[in-house]
Structures are given as C-alpha cells and as structure tokens.
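A.B. asks: Per numbering that gives the first Met the number 0, the sequence shown starts with residue 0, numbered consecutively. All C-beta atoms in this analysis are idealised placements derived from N, C-alpha and C, irrespective of residue type, glycine included. Given the structure is predicted, the values throughout are model-derived calculations rather than measurements. Handing you this structure, nothing more for now.
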Amino acid sequence: MKVLKFTPVLMLLVMFVTSCNTVRVASDYDREADFNSYHSFAFFKPGIDKAEISDLDKKRIMRAIEGTMSEKGFEKSQSPDLLVSIFTKTHENINIYQHNPGWGYGWGWSPWYWNSGFNTVNRTSDGTLYIDLIDANTKELVWQGMGTAALAERVSKKQERINEIVSKILEKYPPGSEK
C-alpha cells in the first residue's frame with residue numbers, strides 16, 4: 000500500500016528531472032543544396048557579433064560547434080565551404096504555485112483549523128540557440144538548426160550544457176542523418 004502512495008510522487012520527480020534536461024530541437028534546410036559538397040567551415044564573425052550574449056558564452060558555443068563539426072568530419076578552414084553563424088533568444092518562465100486551503104464553512108471545516116496555505120515562486124530561463132550554416136560561395140542560408148533548453152544556473156555547468164545543446168542541434172546535420 001505504501002508503494003501505491005509513493006509511486007505518484009516518484010513519477011512526478013522523474014518527470015521534473017527529465018524535463019529540465021531535455022533539449023527541444025528542430026531544423027530546416029534548402030532542399031536544393033548539395034550537402035555532400037561541404038567539407039570545411041569557418042565562423043561568420045559579423046553574425047556571431049550580433050548575438051546578444053556574453054563573449055564568454057559565445058566562445059563556449061563556438062568551441063562546442065567546432066568540436067561537433069570536427070567529429071562529423073568537417074575541417075576548420077580559412078577558405079571554407081560553409082560559414083557558421085549563431086543567434087540566441089532567452090525567455091524567463093515564472094511559475095507560481097499557490098496552495099491555499101483556506102478556512103470557513105464547508106467540507107472538512109473545523110473551528111480549530113486555520114491554514115493560510117503556502118505560495119512558491121519558481122523562475123527558470125529557457126534559451127534558444129540558432130545555428131545557421133551559410134554557403135560560403137553564394138552567401139545563402141542552406142541549413143538552420145534550433146535548440147531550446149533550460150539554461151545552466153551554475154557557471155561550472157555552462158560548457159557541459161552548451162555542449163549538450165549544440166550536439167543535439169547538430170545531430171540533424173546533414174539532413175537525413177538523424178538517428
């Protein structure tokens with residue numbers, strides 16, 4: 000019987016923990032682009048400079064992209080086939096949980112029971128990272144990946160979280176390579 004009472008709490012905890020770690024990704028691409036002809040990349044500095052995040056976070060993202068692209072067999076080059084640009088958006092979620100059983104007449108009322116309840120406020124920040132891959136010759140966007148996830152609170156976990164987000168986004172590149 001105790002197991003039945005404990006199971007909903009455990010399931011709620013598992014859902015909370017896994018929902019914080021998920022990265023929601025999507026991608027789109029030019030159907031006429033020849034993705035087999037791309038073998039090298041470089042960062043598109045004018046695009047990256049416009050991203051509204053700290054320079055340290057830009058470096059973290061660029062390191063993660065460089066590592067993931069290298070794992071996929073791409074080479075960083077001075078005369079690249081692809082230019083990589085990023086931009087970001089953030090959204091703050093404020094959740095207010097209000098438990099106020101109150102007092103008064105009705106079911107379970109007792110003149111000796113009065114409870115003002117409790118309120119909790121939870122703030123989380125979701126960030127969306129867009130990775131644009133631009134054909135270096137035509138200067139046209141050929142692929143865009145987007146990932147949305149809860150941001151890391153502690154600085155010590157930032158690079159790890161950014162690596163995870165970038166890896167999930169770039170799983171979808173090149174088109175048709177998804178697992």
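T119: buried (16+ other C-beta within 10 angstroms of its C-beta) or exposed?
C.D. replies: Taking the first residue of the sequence shown as position 1, residue 119 is located at position 120. Exposed, since its Cβ has fewer than 16 Cβ neighbours within 10 Å.
A.B. asks: Could you give the C-beta distance for V22 and I161, rounded to a whole number, given that I count them as a contact under 8 Å?
C.D. replies: Residue mapping note: residue 22 aligns to position 23 of the sequence shown, counting from 1. Residue mapping note: residue 161 aligns to position 162 of the sequence shown, counting from 1. 11 Å between Cβ atoms; not a contact.
A.B. asks: Is the beta carbon of F86 less than 9 Å from the beta carbon of K49?
C.D. replies: To locate residue 86, count along the sequence shown from 1; it is residue 87. To locate residue 49, count along the sequence shown from 1; it is residue 50. Yes, Cβ-Cβ distance for F86 and K49 is below 9 Å.
A.B. asks: If you reduce the DSSP assignment to three classes, tell me which class K171 lands in.
C.D. replies: Locating residue 171 in the sequence shown gives position 172, where the first residue counts as 1. K171 falls in the coil class under three-state DSSP.
A.B. asks: Whole angstroms are fine: how far does the CA of G146 sit from the CA of S166?
C.D. replies: By 1-based counting over the sequence shown, the position of residue 166 is 167. By 1-based counting over the sequence shown, the position of residue 146 is 147. Answer to the nearest angstrom: the Cα atoms are 10 Å apart.
A.B. asks: What residue from P79, Q77 and V83 has the CA that sits closest to A63's CA?
C.D. replies: On the sequence shown, residue 63 is found 64 positions in, with the first residue counted as 1. Considering only alpha carbons, the answer is V83.
A.B. asks: Where does I164 fall in DSSP's three states?
C.D. replies: Along the sequence shown, one-based indexing puts residue 164 at 165. Reduced to three states, the DSSP call for I164 is helix.
A.B. asks: Output the distance between the C-alpha atoms of E70 and Y172, rounded to the nearest integer angstrom.
C.D. replies: What you label residue 70 is simply residue 71 of the sequence shown in a count that begins at 1. What you label residue 172 is simply residue 173 of the sequence shown in a count that begins at 1. Distance from the CA of E70 to the CA of Y172, rounded to the nearest whole angstrom, comes to 12 Å.
A.B. asks: Where do the ends of the beta strand (DSSP E) carrying A149 lie?
C.D. replies: By 1-based counting over the sequence shown, the position of residue 149 is 150. Start and end: L140 to A149.
A.B. asks: Whose C-alpha, out of D134, G144, E159 and I52, is nearest the C-alpha of Y37?
C.D. replies: In the sequence shown, the residue the question calls residue 37 occupies position 38. Per the Cα distances, D134.
A.B. asks: Keeping to the same chain, check which residues put their C-beta closer than 8 Å to that of S124; ignore five residues upstream and five downstream.
C.D. replies: As a working note, residue 124 is residue 125 in the sequence shown. Answer for S124: T89, H90, E91, N92, A149 and L150, listed in chain order.
A.B. asks: For I95, list the residues DSSP reports as bridge partners.
C.D. replies: Taking the first residue of the sequence shown as position 1, residue 95 is located at position 96. According to DSSP, I95 shares a beta bridge with V120.
A.B. asks: Apart from the five residues just before and just after S26, which ones in its own chain have a Cβ nearer than 6 Å to its Cβ?
C.D. replies: Here residue 26 is taken as the residue at index 27 of the sequence shown, counted from 1. G144 and K171.
A.B. asks: I'd like to know whether the C-beta atoms of D29 and W142 end up nearer to each other than 9 Å.
C.D. replies: In the sequence shown, residue 29 corresponds to position 30, counting from 1. In the sequence shown, residue 142 corresponds to position 143, counting from 1. Closer than 9 Å, so yes.
A.B. asks: Return the CA-CA distance between T137 and S53, expressed in angstroms with no decimal places.
C.D. replies: Residue numbering aside, residue 137 sits at position 138 when the sequence shown is read from its first letter. Residue numbering aside, residue 53 sits at position 54 when the sequence shown is read from its first letter. So the two alpha carbons sit approximately 30 Å from each other.
A.B. asks: Considering only DSSP beta bridges, list what R59 is partnered with.
C.D. replies: Start at 1 with the first residue of the sequence shown, and residue 59 comes out as number 60. Bridge partners of R59: none, in fact.
A.B. asks: Among P79, D80 and N121, which has the Cα closest to the Cα of N216?
C.D. replies: No information on residue 216 is available, as it lies outside the stretch 0 to 178 that the chain covers here.
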